[in-house]
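**Q** Counting in our numbering, the sequence shown runs from 11 upward without gaps.
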Amino acid sequence: MVVTKASDWTGDLGTAIRSAFGELVVGLPQPEPTLSVSQIAPNAFGSMTNISRNILIIGEGEKEDFYIKKNVYAKPQTIIYVYGTDDASIIKVFNEYKNEIISAYISSDILMTQNIFKAKQLALSQLKTLEEIGVSFTIPEEFKTVKDTGDFLWLRQHLTSGIAKTGSNNILVYSIPLEEESKVSENIIPIRNAIGKKHIPGSDAETMYMTTEEAYTPQTLETVVDGKKAFETRGKWEVKNDFMAGPFVSYFVVDKKHNRIVVFEGFTYAPSVNKRASLFELEAIAKSMKIQ
Numbered sequence: 011m012v013v014t015k016a017s018d019w020t021g022d023l024g025t026a027i028r029s030a031f032g033e034l035v036v037g038l039p040q041p042e043p044t045l046s047v048s049q050i051a052p053n054a055f056g057s058m059t060n061i062s063r064n065i066l067i068i069g070e071g072e073k074e075d076f077y078i079k080k081n082v083y084a085k086p087q088t089i090i091y092v093y094g095t096d097d098a099s100i101i102k103v104f105n106e107y108k109n110e111i112i113s114a115y116i117s118s119d120i121l122m123t124q125n126i127f128k129a130k131q132l133a134l135s136q137l138k139t140l141e142e143i144g145v146s147f148t149i150p151e152e153f154k155t156v157k158d159t160g161d162f163l164w165l166r167q168h169l170t171s172g173i174a175k176t177g178s179n180n181i182l183v184y185s186i187p188l189e190e191e192s193k194v195s196e197n198i199i200p201i202r203n204a205i206g207k208k209h210i211p212g213s214d215a216e217t218m219y220m221t222t223e224e225a226y227t228p229q230t231l232e233t234v235v236d237g238k239k240a241f242e243t244r245g246k247w248e249v250k251n252d253f254m255a256g257p258f259v260s261y262f263v264v265d266k267k268h269n270r271i272v273v274f275e276g277f278t279y280a281p282s283v284n285k286r287a288s289l290f291e292l293e294a295i296a297k298s299m300k301i302q
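#1: Let me know the secondary structure DSSP gives E72 once reduced to three states.
#2: From this set, V145, K130 and E275, which residue's C-alpha is nearest G206's C-alpha?
#3: Output the distance between the C-alpha atoms of A296 and S118, rounded to the nearest integer angstrom.
#4: By alpha-carbon positions, which one of D75, Y226 and N180 ends up nearest to P150?
#5: In terms of residues, what are the limits of the beta strand (DSSP E) holding R63?
#6: If you draw a straight line from the C-alpha of E242 to the C-alpha of R286, how long is it?
#7: Where does E34 sit, in a helix, a strand or coil, going by DSSP?
#8: How would you write the range of the beta strand (DSSP E) that V263 sits in, first residue to last?
#9: Comparing alpha-carbon positions, which option in A114, T95, V145 and S288 lies nearest Y77?
#10: Answer with buried or exposed for N105, where buried requires no fewer than 16 other C-beta atoms within 10 angstroms of its C-beta.
#11: Between the alpha carbons of L148 and I120, how many angstroms are there, rounded?
#12: Taking just the CA atoms, how far does A215 sit from D161?
#13: How would you write the range of the beta strand (DSSP E) that G276 sits in, first residue to last?
#14: Along the chain, where does the alpha helix (DSSP H) that runs through F290 open and close?
#15: For I67 and I111, I'd like the C-alpha separation in whole angstroms.
#16: Return the chain-ordered list of same chain residues with a C-beta closer than 6 Å to the C-beta of A294, the five sequence neighbours on each side being excluded.
#17: Tell me which same chain residues have a C-beta within less than 6 Å of the C-beta of E248, skipping the five on either side of it?
#18: How many Å lie between K157 and L182 at the Cα?
#19: Counting Cβ pairs, one atom from each stretch, are 3 or more of them under 8 Å apart for the region 183 to 197 and the region 263 to 283?
#20: Can you tell which of V82, P43 and I100 has its C-alpha closest to the C-alpha of E74?
#21: Classify S57 as helix, strand or coil using the three-state DSSP reduction.
#22: Output the distance between the C-alpha atoms of R63 and L45, rounded to the nearest integer angstrom.
#23: Under DSSP, the beta strand (DSSP E) around S46 begins and ends at which residues?
#24: Quick one: Cα of V36 to Cα of Y226, how far?
#25: In three-state DSSP terms, what is K130?
#26: Strictly by DSSP, which residues pair up with D158?
#27: Between K239 and V263, what straight-line distance do the alpha-carbon atoms span, to the nearest angstrom?
#28: Return the Cβ separation of L163 and L134 in integer angstroms, given the expectation that the two are a contact with Cβ distance under 8 Å.
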């Protein structure tokens with residue numbers, strides 16, 4: 011929720027904010043913005059509205075300023091303040107910190123989601139692959155085991171809302187040897203395709219299997235998971251020779267201590283419905299990773 015004057019919201023400042031927050035999430039088949047955004051005037055910002063979870067307060071002052079406060083009026087809550095000496099100054103400060111602003115809101119929501127999952131989480135001791143690999147996650151108890159070989163795990167959560175009542179969220183976990191760290195990112199797609207062919211069959215196991223959609227180029231970015239260097243990849247999957255498809259997000263985490271890469275992949279199958287929320291939940295689970 012953006013707290014600013016209506017005249018600013020309909021002007022260049024509002025355009026800058028909507029443009030930054032409205033950037034489309036990579037890999038989704040339907041266009042969905044990174045953050046959903048609304049505006050409220052400063053004189054309407056009071057006890058009924060200040061309990062929102064994520065708030066951006068825009069204002070004019072004697073100097074340019076930017077800072078973040080937590081849990082001011084509610085918990086959990088992230089309030090970010092952006093100040094400038096005039097409209098042009100405010101836009102400059104916002105553009106300077108927009109990536110940090112977006113990251114702060116997403117990180118806050120990930121932590122909130124993980125805390126929700128902790129209340130009713132899956133008992134990991136029953137999953138031999140996680141025991142063998144020596145890795146743990148905060149996973150909701152709604153996920154059920156599809157395959158657990160000791161070196162490869164596939165969990166599935168059936169989606170029951172909307173028209174996608176046959177849809178699902180899926181988690182894959184496995185590890186591979188770390189060979190050349192400089193070549194990890196370029197090997198991500200070949201590795202996931204090989205895993206899909208071996209472990210994720212279609213309705214005809216002989217001719218159908220999951221692979222990366224060739225018509226869409228995945229995006230890989232360097233990040234940090236469990237304090238370790240990792241590569242986040244977002245793209246689209248499909249079942250070869252079939253009509254199933256959807257978005258995926260994967261994390262290749264470099265575990266130098268054990269000379270390996272720990273892989274988490276989340277993928278969603280939910281025909282005809284928006285998938286941002288489902289993929290976000292999978293991202294939250296991935297970022298709860300703890301390697302022994």
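Each residue gets a CB set at the ideal place from its N, CA and C atoms; glycine is no exception.
**A** Short version:
#1: Here residue 72 refers to the residue found at position 62 of the sequence shown. Note: E72 maps to coil in three-state DSSP.
#2: Counting from one through the sequence shown, the residue named residue 206 turns up at place 196. For the residues V145, K130 and E275, the minimum Cα distance to G206 belongs to E275.
#3: The sequence position of residue 296 within the sequence shown is 286, counting from 1. The sequence position of residue 118 within the sequence shown is 108, counting from 1. When rounded, the distance between both Cα atoms is 15 Å.
#4: Indexing the sequence shown from 1 puts residue 150 at position 140. Ranking the options by Cα distance to P150, first place goes to N180.
#5: Taking the sequence shown and counting its residues from 1, one reaches residue 63 at position 53. R63 -> no beta strand (DSSP E), and no H or E assigned at all.
#6: To locate residue 242, count along the sequence shown from 1; it is residue 232. To locate residue 286, count along the sequence shown from 1; it is residue 276. Straight-line Cα distance between these residues: approximately 16 Å.
#7: For the purposes of this step, residue 34 is identified with residue 24 of the sequence shown, where counting begins at 1. Per the sequence shown, the amino acid found at residue 34 is Leu instead of Glu. Strand at L34.
#8: As a working note, residue 263 is residue 253 in the sequence shown. Here the beta strand (DSSP E) through V263 covers A255 to D265.
#9: Mapped onto the sequence shown, residue 77 falls at position 67. Looking at the Cα atoms, A114 is the closest of the given residues.
#10: Within the sequence shown, numbered from 1, the residue matching residue 105 stands at position 95. N105 should be labelled exposed.
#11: Residue 148 sits at position 138 when you count from the first residue of the sequence shown. Residue 120 sits at position 110 when you count from the first residue of the sequence shown. Checking the sequence shown, residue 148 turns out to be Thr, not Leu. Looking at the two C-alpha atoms, the distance is approximately 12 Å.
#12: In the sequence shown, the residue the question calls residue 161 occupies position 151. In the sequence shown, the residue the question calls residue 215 occupies position 205. If you take the alpha carbons of D161 and A215, they lie about 21 Å apart.
#13: Walking along the sequence shown from the start, residue 276 turns up at place 266. Segment R270 to Y279, the beta strand (DSSP E) holding G276.
#14: Within the sequence shown, the letter at position 280 stands for residue 290. F290 -> alpha helix (DSSP H) spans R286 to A296.
#15: Indexing the sequence shown from 1 puts residue 67 at position 57. Indexing the sequence shown from 1 puts residue 111 at position 101. Whole-angstrom Cα-Cα distance: 12 Å.
#16: For the purposes of this step, residue 294 is taken as the residue at position 284 of the sequence shown. Result list for A294: I120, T123 and Q124, in chain order.
#17: Taking the sequence shown and counting its residues from 1, one reaches residue 248 at position 238. Taken in chain order, the residues that qualify are E223 and A255.
#18: Against the sequence shown, residue 157 aligns to sequence position 147. Against the sequence shown, residue 182 aligns to sequence position 172. Cα to Cα, the separation comes out at about 9 Å.
#19: yes
#20: Position 64 of the sequence shown, counting from 1, holds the residue named residue 74. E74 has its Cα closest to that of I100, out of V82, P43 and I100.
#21: Numbered from its first residue, the sequence shown carries residue 57 at position 47. Coil.
#22: The residue given as residue 63 occupies position 53 in the sequence shown. The residue given as residue 45 occupies position 35 in the sequence shown. In a straight line, the C-alpha of R63 is about 13 Å away from that of L45.
#23: For the purposes of this step, residue 46 is taken as residue 36 along the sequence shown, with counting starting at 1. No beta strand (DSSP E) contains S46, which DSSP labels as neither H nor E.
#24: Your numbering for residue 36 matches position 26 in the sequence shown. Your numbering for residue 226 matches position 216 in the sequence shown. Each residue's Cα considered, the two are about 10 Å apart.
#25: Within the sequence shown, numbered from 1, the residue matching residue 130 stands at position 120. K130 falls in the coil class under three-state DSSP.
#26: Here residue 158 corresponds to residue number 148 of the sequence shown, with the count starting at 1. Partner(s): L163.
#27: For the purposes of this step, residue 239 is identified with residue 229 of the sequence shown, where counting begins at 1. For the purposes of this step, residue 263 is identified with residue 253 of the sequence shown, where counting begins at 1. Cα to Cα, the separation comes out at about 6 Å.
#28: Taking the first residue of the sequence shown as position 1, residue 163 is located at position 153. Taking the first residue of the sequence shown as position 1, residue 134 is located at position 124. The Cβ separation is near 10 Å, so there is no contact.
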